[in-house]
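Number of protein chains: 2
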Amino acid sequence: MTKKHTIILQPSGSRGQIEEGMSVRSAARELGVEIESICAENATCGKCMVLIEEGRFEKYNIDSRRENVSPVSTEEAAYFARRPKLLKDKGWEVGQVRLSCQCKIHGDVLVNVPEESRGNKQIIRKSATEREIEVKPSVRKYLVTMTPPNLERPIADWERLAKGLETSMALVRGADEKLPRWYELGIDYQCLRTLSATLRAAKWNVTVSVWQDKEVIEVQAGYVEDSYGAAVDIGSTTVALYLCNLRTGELLAAESEMNPQIVYGEDVMSRIQYAIENPDGLEKLHKAIISTLNKLLKQAAHEAKIKMSEILEMVLVGNSTMHHVLLNLHPKDLGLAPFVPAIHKSMDVKARELGIHINPSGNIHVLPTIASFVGADTSAMIVAEEPHKQDENWLLIDVGTNAELILGNRKRLVCTSTPTGPALEGAHVEYGMRAAPGAIERVHIDEKTLEPRYKIVGEDEWNTGKAKGICGSAIIDAVAELFRAGIVDSRGKFKQGLESRRIRKGESGWEYVIAWAEETSIGRDIPMTQQDVRQIQLAKAALFTAARTLLKRSGLESPDKIILAGGFGSYIDKEKAMLIGLIPDCELDKVYAVGNAAGDGARIALLNVEKRNEIDGVTRKVERFELPTDPEFQNQFMLATSFPHMSEPFPHIAHLIPNRKADPMAKNFMK
Amino acid sequence: MTKKHTIILQPSGSRGQIEEGMSVRSAARELGVEIESICAENATCGKCMVLIEEGRFEKYNIDSRRENVSPVSTEEAAYFARRPKLLKDKGWEVGQVRLSCQCKIHGDVLVNVPEESRGNKQIIRKSATEREIEVKPSVRKYLVTMTPPNLERPIADWERLAKGLETSMALVRGADEKLPRWYELGIDYQCLRTLSATLRAAKWNVTVSVWQDKEVIEVQAGYVEDSYGAAVDIGSTTVALYLCNLRTGELLAAESEMNPQIVYGEDVMSRIQYAIENPDGLEKLHKAIISTLNKLLKQAAHEAKIKMSEILEMVLVGNSTMHHVLLNLHPKDLGLAPFVPAIHKSMDVKARELGIHINPSGNIHVLPTIASFVGADTSAMIVAEEPHKQDENWLLIDVGTNAELILGNRKRLVCTSTPTGPALEGAHVEYGMRAAPGAIERVHIDEKTLEPRYKIVGEDEWNTGKAKGICGSAIIDAVAELFRAGIVDSRGKFKQGLESRRIRKGESGWEYVIAWAEETSIGRDIPMTQQDVRQIQLAKAALFTAARTLLKRSGLESPDKIILAGGFGSYIDKEKAMLIGLIPDCELDKVYAVGNAAGDGARIALLNVEKRNEIDGVTRKVERFELPTDPEFQNQFMLATSFPHMSEPFPHIAHLIPNRKADPMAKNFMK
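This is the structure we're talking about:
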């Protein structure tokens, strides 16, 4: 029987009995701890550094000694000799720090695996849930050193590389993982074209980038540590690009730009229309987005000081129209009943096919679409928030000019979408504007005096600064406050006969002045008009009816949690949104805003390839409901225009609802 | 227990007990007889027609009656009603002829499956072995009829098609065959781009072309029966293209053209040199061959009256240099020691990546290379001749300016190559020319009078017509006859003092006049010179040494069969080739010429996808020997320049060898 030794791995605390002579890296693998490596255990990459701790560890009942592992090898010594600064910075000495691929176990040891050596790195994503992302990129790099060909073994370049690569992959990944036999490995045709020259220039010592463990997409001379990827969220208005290091997960640059398609139409329907009406319409829309992507890539590469050809993959998300236009698929049928996309499932298209200037052998991965108006951005939101892994029923809402809603848990997910119009984003509201300096972002109205207080973007104090307009969050506030203060009734109508100079008959009907001309930078009174209130009523009725339909179809009274995605959700006052009936009733501390969940999801899918299969499977099972086909839709929609929704109980904001008995519709509400 | 009936299928004679109610087509499948179908058993394609024979069949002890199958269905009746001409031509009546997918078994029947309905059609290839090719193309067509999308089921176009396609594939292929689940099917990106428009224009009734059962590469409106493929052999001198129907295997057009790369160099080495010395050398060579392929494709499509976009696949073979240049891979390392190709294994590259004008979603399949000078043409020769399936040891030789040799059987195959120079093809021989009208193609010399007789291409009689030069076969003849008649000795030297006006001292030394000036169209004597004999000696020594080396490495005395491929092999006199020691000794009736085996192999690989995996596996195992690395090579080569090879016994042509004892080298020969 072979002799065995006790090995303890910190910080995980994994422990086990390991055979005499096994390397620390292999031992760690046996105990389920991944240690990085890229050089096929050649003592050249240094990714697998560990610390051999000395001393008596009572807890584990072992004496750990440096002499219990093999002496520092010549290769290790040479590796560390080239890195005096690293040793100094870390305060490590050679013998204490070892390359775990070289260091063999001959006695009991306690080994500390520093953060940088740990495999499957975790990066923290800032979000409501502070979830960790495991870094498992689709592209991995392997160092391959080959014997040059000679007359006795004149095997071709590709086969020589593939054979060497398989050995490297097995050494790096562990032989137990199922890897392709070398002749099942492929190489992208464009990558093959330069292979022979690269191998010779590199003296048969190259770093190979392999996509999905099956296709070689890049061969670089010598030892190259990092490769890069980009995650992109193509919004109808804004295109955001995140450049990441695919090994560490680190975010290196974030760039954004207006979507250039805006000149062809503000919203998706008008762009679809443009593509239908103009013979070269699709081509123009497609070229516009491709050139913007290339511009953002160039900026990001410059910022991160890398070459664009080092970017080996891109993950793209966007609504179904953006998805189609990106892929040069005609969006016509997205806009015409029965509203079907060309394709649901995720796709990988070579960058060169789309003219995107990352490495031409790299892939553009596009997340799946769920329906005509529930696109790859919603898929990305699911990736980011993971409702499909919950026991609780979550309601995810991405609010824009169109709102997408997902409801459910691990057993069932249902989705729908509804146009909400631009009012919630401050457009089509008389003094509406984006959340920029000068925008009123909060409004409060005193119930007694009916006088307002407001806060302007960029000001620390309330009622200071010069107002320029009202942004989305303040529009919600204002409507909620008008209702709470009893200025408008539950049907959204301005009440007659209230004593306030703020309430007056304006050009287009009744209005309430939030800021007087002298408090503004535009020299005009900024009111909230009857028309504005009506806009919000329609938008919130659409959103509410959509949510209510999903709840009903799922047999639920209310969601356990509401997640608001998109910029809009981050700024609104949850309580006021609930008061006007924008979102269904729910415990207030169970309502979260998560920011750009689509962008987060794109980044997660870029960094963790397993999420891609997962979301393909999840979206295949999501049930879609088209609201206009719901017979009760119109009825529900009308009811939902009131404050709050008249046929629903609202326990969590009931205390805010004014003077119910005086309200003509209160009996509806009470039932 | 279910009732069973006896069913007999003719002409195969397959018989078995079949469950009541099963369709004839399903029953045939159970008995191992494939019946064609393309319409997913919708009674629309008519591919599955069978004849129900009536009568008492003593041999099988059954009474076969038309009433023993289900009555003719409305769909069947409609199908046949549209085809009165077919019924008339064949002399069939409805009820006798049935669509086997519709016709259910309710009693004993004898069914005749006509040739056109049989699955996996066989086509006969004209060759030494008259082998049958089974037609199993990589691209198959399936008719898919879908329910149009509606608001209740707004599933995307691709998913709708894939689901319908899987059903069709299972119905056509039989549910027992392992088929991809619909969401594992893929669609080529460029094909997806036009999918939505095609489906709608076709009213959701389309024919789908699927590559390798995994990727959709074409979607056509309505029911389309045929698709097409091209097989191409790129020779250094000639490019030959064969256009085939992928369903029937039928050859529709054969086109050929000079290889345009000839302007950049006559042989592969000079083209490699050109690519090395000129920065745009490879680009020029590559573009030249691509434009010739496009020209040949256009001609062939025109000839067959089809559109180029209906050609859905191309299989290409050629020597390693032609292979590399076609794929735009630099051939530099093919020409420099240690002579390695960029890749051995077969490849599939999208036609659009290479600018080849078949359907842009179609694939270009390139057969594997074996070594730097043993290319994809040799792989194709193996496909055509199948030495790897033999018990006997076969020697395959493809003779050109370079000769490739394969030796072995099912257990082991070895290969090598050798430059033979242009002499065997009539170049670099003083009056050498191609086998065109006016070329002397046969020569005989009387041993007594030393007078020649000759035959000219295009003439039926010997010694008639006007000679213009000597082609390859006559050069072999002439050298053999000079030796047999005792005019040159076994070292190839003109003997002194022979009495003949034909033998004279010319400008470059001794020569033998085959045709006098007045017998020619060029007005000059056509002699065979000492120099010409030397050229042939060097060529045949190289070829012989290569063959001898392979035999020795395989521990064999002589091959059981010799197969000569290429145009050259088809015209030479086997006995004379053996006499001068061009090929090793072998029974004469075991020496075959098979013509363009590479072109045949390309066509077989086009029509039968299984041959592709097979040849990849075979070539991976072929052992390669590089002659210069063989220590005995120079020694053997020198010995092999004599007639016949001096250290070898030649039992099969011994009777032709003149006056051995008088020969100064005879003692060498006798040992």
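The listed protein sequences derive, respectively, from chains A and B. For the first sequence, the working numbering assigns the number 1 to the initial residue and increments by one for each residue that follows. For the second sequence, the working numbering assigns the number 672 to the initial residue and increments by one for each residue that follows. Backbone N, C-alpha and C fix where the C-beta goes; we use that ideal spot for every residue, glycine too.
DSSP lists Ile733/B as the bridge partner or partners of Phe728/B. Note on Asn990/B: 16 or more other CB atoms within 10 angstroms of its CB, so buried under the neighbour-count rule.
Secondary structure at Glu132/A: strand, using DSSP grouped into helix, strand and coil. If the five residues before and after Val768/B are omitted, its C-beta is found closer than 6 Å to the C-beta atoms of Met720, Leu722, all from its own chain and listed in chain order. For Ala547/A, the closest C-alpha among the options Gly408/A, Gly362/A, Lys4/A is that of Gly408/A. Along the segment 475-507 of chain A, none of the residues has a CB nearer than 7 Å to a CB of chain B.
A Cβ-Cβ contact shorter than 8 Å links Leu165/A with Val208/A. For the options Ser980/B, Trp875/B, Pro1031/B, the alpha carbon positioned closest to that of Ile858/B is the one of Pro1031/B. The Cβ neighbour count for Gln17/A, taken over all protein chains shown within 10 Å, is under 16; the residue is labelled exposed. Under the criterion of beta carbons closer than 8 Å, Asp477/A and Lys576/A qualify as touching, at roughly 5 Å. Note on the segment 960-1000 of chain B: whole beta strand (DSSP E) runs with a minimum of 3 residues are 982-989, in chain order. Contact of Arg864/B with chain A is assigned, a C-beta pair being separated by under 8 Å. Glu981/B counts as buried, since at least 16 other C-beta atoms from the protein chains shown sit within 10 angstroms of its C-beta.
Between Ser256/A and Ile615/A a beta carbon distance of about 23 Å is seen, past the 8 Å cut, so the two are scored as non-contacting. The C-alpha of Ser521/A lies about 20 Å from the C-alpha of Glu511/A.
Setting aside the 5 residues that flank it on each side, Pro1002/B is surrounded in the same chain by Ile943, Ala946, Thr992, His995, Val996, each with a C-beta closer than 7 Å to its C-beta; the list follows chain order. By the Cβ test, the segment 219-237 of chain A is not in contact with the segment 102-113 of chain A, since fewer than three Cβ pairs between them sit closer than 8 Å. Across the set Ala1188/B, Lys1211/B, Ile960/B, Trp829/B, the C-alpha of Ile960/B shows the shortest separation from the C-alpha of Ser907/B. The closest CA to that of Phe57/A, considering only Leu241/A, Pro71/A, Ile8/A, is found on Ile8/A. In the three-state DSSP reduction, Trp158/A falls in the helix class (H, G or I). Residue-level contact check: Ser685/B does not touch chain A, since none of the beta carbons of chain A fall below 8 Å from its beta carbon. When Cβ-Cβ separations below 8 Å define contact, Tyr571/A makes no contact with chain B. Inter-residue distance for Ala197/A and Ala1047/B is about 22 Å (C-alpha atoms, whole angstroms). At least one CB of chain A lies nearer than 8 Å to the CB of Pro1012/B. Listed in chain order, the non-local C-beta contacts of Ile1014/B below 8 Å within the same chain comprise Leu1000, Thr1040, local neighbours out to five positions each way being set aside. Residues of chain A whose Cβ lies closer than 8 Å to the Cβ of Trp829/B are, in chain order, Ala342, Ile343, His344, Lys345. From the listed residues Ile382/A, Asp589/A, Ser100/A, the smallest Cα separation to Gly46/A is found for Ser100/A. Between Val988/B and chain A, the shortest Cβ-Cβ separation is not below 8 Å. Cβ proximity to chain A below 9 Å picks out Pro819, Pro820, Asn821, Leu822, Glu823, Arg824, Pro825, Ile826 from the segment 798-826 of chain B.
Between Ala539/A and Ala435/A the beta-carbon gap is near 17 Å, outside 8 Å, which marks them as no contact. With a threshold of 8 Å between beta carbons, Asp1048/B makes no contact with chain A. Residues of chain B whose Cβ lies closer than 9 Å to the Cβ of Arg612/A do not exist, since the nearest Cβ in that chain is about 14 Å away.
Contact between the segment 802-819 of chain B and the segment 829-843 of chain B is present: three or more C-beta pairs spanning the two stretches fall below 8 Å. Within its own chain, the residues whose Cβ lies closer than 6 Å to the Cβ of Ser168/A, once the five positions on either side in sequence are excluded, are Ala40, Tyr142, Val144, listed in chain order.
Residues Phe637, Ala640, Thr641 of the same chain have their beta carbon placed closer than 6 Å to that of Ala541/A, with the five preceding and five following residues left out of the count.
Within chain B, not a single residue places a beta-carbon under 7 Å from that of Val609/A; the smallest gap is close to 17 Å.
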